[in-house]
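Here is the structure we will look at, set down as structure tokens.
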Amino acid sequence: YIKVENSADALGRMASALYGFPSSRLTLVGVTGTNGKTTIVTLLYNLFRQLGFKAGLLSTVINYVDDLAVEATHTTPDALALNELLAQMVEAGCSYAFMEVSSHSVEQRRIAGLEFDGGVFTNLTRDHIDYHLTFENYLKAKKQFFDELSEEAFALTNADDKNGLVMLQNTKAKKYTYSLRTLADFKTRILEHGFEGMLLDMNNREVNVSFIGKFNASNLSAVFGTAVLLGQDELEVLRIISSLHSVAGRFETFHSPAGFTAIVDYAHTPDALTNVIGSINQILQGNGRLITVVGCGGNRDKGKRPMMAREAVNGSWKAILTSDNPRNEEPQDIVNDMLAGLDMIEKAKSLTIVDRREAIRTACALAQTGDVVLIAGKGHEDYQIVQGVKHHFDDREEVKKCFMVG
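If you're matching positions, the sequence shown starts at 4 in this note's numbering and goes up one per residue.
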């Protein structure tokens, strides 16, 4: 194992040397955690471009070298591809780069040789257990990113997450916190909320945003804190935050002519699903029903399947269990694993429709004025992998088709 790690380190450092990535010319910020990474890095990229800077983005959805889009194949690219992209950003005159840092990339040393100017932690819940084997290993991989930050860097963590302060224990970086619930360097409170957005208090200044839910308030707090720690003016940052919009497939909202709301979200872990469902129900306050369409990916952590089903059923008027990238598994087998987590009463609140397109159609057909249809799991993804074959499929397109039929 040591030899593998050392060779991976060597590859990362060789890639940095090969592409001559001069960290002094490019301020690099990494964001890690289970949920929220894509939203935070994308909003930071958009924010700094509106501030007048050239910037780069490395995310699950897409990469950008200033305004040039580059297809994303992994949350964090391999060492050679990563350094090549950073070198392109430098050549394009970018001053900042914002990137997602996955647990895989830390453990596999894809980021070895890079000097981060800042690290941000979002939260930690069950994910990638099929790879890390235990939650403790998953936590260690995330923490390692902060352990390796330099004294010149900053470490910004979510004080509301029970593992937030753990990330700061051994870091040499300057330590900062953000929170919705407790005293922190960057404190945010939700004053008003609805399906059109929220009114927030951010460090004692009110700002209207077009985002929905506590998790997005937390994400925006991280964005605000990062921008300020990078030396930007607080008022100008808040002004731009008020104009930002949600990231593709992250709590993306569509309003039906029939009077119900459809929400497409990437939530694919039990905790993420709980947060999204909780946010929706907090806004509904009983004045409308929630219909949730959800599945679980094939060839991945089977332990979370019954948990996902329980979260969907217990938080919804009706849950429709369906397919979500079954890969090389039988879709019905995956759904059966989800059903195994439900008792008879819970099963009565659920429907099983393996065909995802039909599941979305059924949810929209069931919805009435004032209801919400949540389609969870795939978010921005525009494909389904069935028996190893990749097919075009986009939840957002399917929702719009339902609106047209309606």
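We treat Cβ as the ideally placed atom computed from N, Cα and C, and that holds for glycine.
Values in this document were obtained by computation on a predicted structure and should not be read as measured data.
Euclidean distance between Cα positions of residue i and residue j
i, j, result
"GLU209", "LEU194", "9 Å"
"VAL250", "THR45", "7 Å"
"LEU183", "ILE43", "16 Å"
"ARG345", "ALA312", "In the sequence as presented, Arg is not what sits at residue 345; that position holds Leu. Whole-angstrom Cα-Cα distance: 7 Å."
"ARG52", "GLY36", "24 Å"
"LEU85", "VAL104", "11 Å"
"ILE294", "ILE283", "11 Å"
"GLN91", "LEU233", "22 Å"
"LYS178", "ASN38", "21 Å"
"ASN140", "ASP304", "15 Å"
"GLY96", "SER153", "24 Å"
"SER27", "GLU155", "Bear in mind that the predicted position of SER27 carries a pLDDT of just 46, short of 50, making it unreliable; the figure below should be weighed with that in mind. Each residue's alpha carbon lies about 12 Å from the other."
"GLN235", "ASN278", "30 Å"
"CYS299", "VAL34", "25 Å"
"THR160", "ALA261", "42 Å"
"GLY306", "LEU50", "38 Å"
"GLY59", "ASP120", "14 Å"
"LEU223", "VAL73", "25 Å"
"VAL212", "ILE243", "10 Å"
"VAL93", "LYS57", "10 Å"
"ASN328", "PHE101", "28 Å"
"LYS6", "ILE114", "Here the model assigns LYS6 a pLDDT of 36, short of 50, so the residue's position is not dependable and the matter cannot be decided."
"LEU89", "LEU29", "8 Å"
"PHE406", "PHE263", "10 Å"
"ALA158", "LEU71", "29 Å"
"PRO25", "ALA370", "Per-residue confidence for PRO25 stands at a pLDDT of 46, beneath the threshold of 50, marking its modelled position as unreliable; no derived number is given."
"HIS196", "GLN288", "12 Å"
"SER326", "GLN285", "27 Å"
"GLY281", "LYS217", "9 Å"
"THR272", "ILE363", "20 Å"
"LYS352", "GLU87", "50 Å"
"THR229", "GLY373", "37 Å"
"ASN290", "GLU314", "20 Å"
"GLN172", "PHE227", "23 Å"
Residues near residue i by beta carbon distance below 7 Å, same chain, minus five either side
i, result
"ALA343", "PRO309"
"GLN335", "VAL357"
"LYS146", "VAL169 and MET170"
"SER62", "THR41, VAL44, THR45, ALA75 and GLU103"
"LEU220", "Here residue 220 is Ala; the residue named in the question, Leu, does not match the sequence. The residues are LEU183, THR191, ILE193, MET201 and LEU203."
"TRP320", "ARG292, LEU293 and ILE294"
"TYR386", "LYS393, HIS394, HIS395 and PHE396"
"THR174", "PHE149, ASP150, LEU152 and ALA158"
"SER245", "VAL210, ASN211 and VAL212"
"TYR1", "Because the chain is modelled from 4 through 409, residue 1 falls outside the range shown and cannot be assessed."
Beta-carbon contacts of residue i that lie in its chain and below 8 Å, excluding the five residues immediately before and after
i, result
"GLU255", "SER249, ILE266, VAL267, ASP268, GLY382 and ARG399"
"LEU238", "ARG208"
"VAL64", "THR41, THR45, ALA75, VAL250, ALA251, GLY252 and HIS383"
"ASP340", "CYS299, LYS305, ARG308 and PRO309"
For residue i: DSSP bridge partner residues
i, result
"PHE101", "VAL32 and LEU60"
"LYS178", "ALA158"
"LYS165", "Answer is none; LYS165 lacks a bridge partner."
"VAL123", "VAL34 and LEU159"
"ILE388", "LYS393"
"ASN66", "VAL73"
Close beta carbons around residue i, own chain, < 6 Å, minus the five adjacent residues each side
i, result
"GLY391", "ASN331"
"PHE257", "ALA265 and VAL402"
"ALA366", "ILE294, VAL296, ILE323 and VAL376"
"ALA225", "ILE43, VAL123 and TYR181"
"ALA275", "ASN38"
"GLU349", "VAL316"
"LEU31", "ALA100, PHE119 and ASP120"
"GLY355", "Per the sequence presented here, residue 355 reads as Thr, with Gly not at that position. Taken in chain order, the residues that qualify are LEU324 and VAL338."
"ALA162", "THR180, SER182, THR185 and ALA187"
"ILE388", "ASN328 and ARG330"
CB contact check: residue i to chain C, cutoff 8 Å
i, result
"ALA366", "The displayed structure is made up of one protein chain only, and chain C is not part of it."
Query raised in the report: Given 8 Å as the limit, is there contact between the stretch 176–191 and the stretch 240–249, that is, 3 or more CB pairs closer than that?
Result: Below 8 Å, too few C-beta pairs join the stretch 176–191 and the stretch 240–249 to call them touching: fewer than three.
Requested in this report: For the stretch 366–377 and the stretch 266–277, state whether three or more C-beta atom pairs, one from each stretch, are separated by less than 8 Å.
Outcome: Counting C-beta pairs closer than 8 Å gives three or more between the stretch 366–377 and the stretch 266–277, which meets the contact rule.
Query raised in the report: Do the stretch 68–84 and the stretch 104–122 touch if we need at least three Cβ pairs shorter than 8 Å?
Result: Judged by Cβ distances under 8 Å, the stretch 68–84 makes contact with the stretch 104–122, as three or more pairs qualify.
Query raised in the report: Taking the runs of the beta strand (DSSP E) that are 3 residues or longer, which of them lie wholly in the stretch 183–223?
Result: If you keep only unbroken beta strand (DSSP E) runs of at least 3 residues inside the stretch 183–223, you get 189–197, 200–205 and 208–212.
Requested in this report: For the stretch 226–309, list the alpha helix (DSSP H) runs that are entirely contained and at least 4 residues long, ordered along the chain.
Outcome: For the stretch 226–309, whole alpha helix (DSSP H) runs of length 4 or above, ordered along the chain, are 237–244 and 273–287.
Query raised in the report: Which ranges would you report for the alpha helix (DSSP H) in the stretch 313–384 if only whole runs of at least 4 residues count?
Result: Here the runs fully enclosed are 334–342, 347–351 and 359–369.
Requested in this report: Give a yes or no on contact between the stretch 160–173 and the stretch 195–206, applying the rule of three or more CB pairs nearer than 8 Å.
Outcome: Result no; under three Cβ-Cβ pairs closer than 8 Å.
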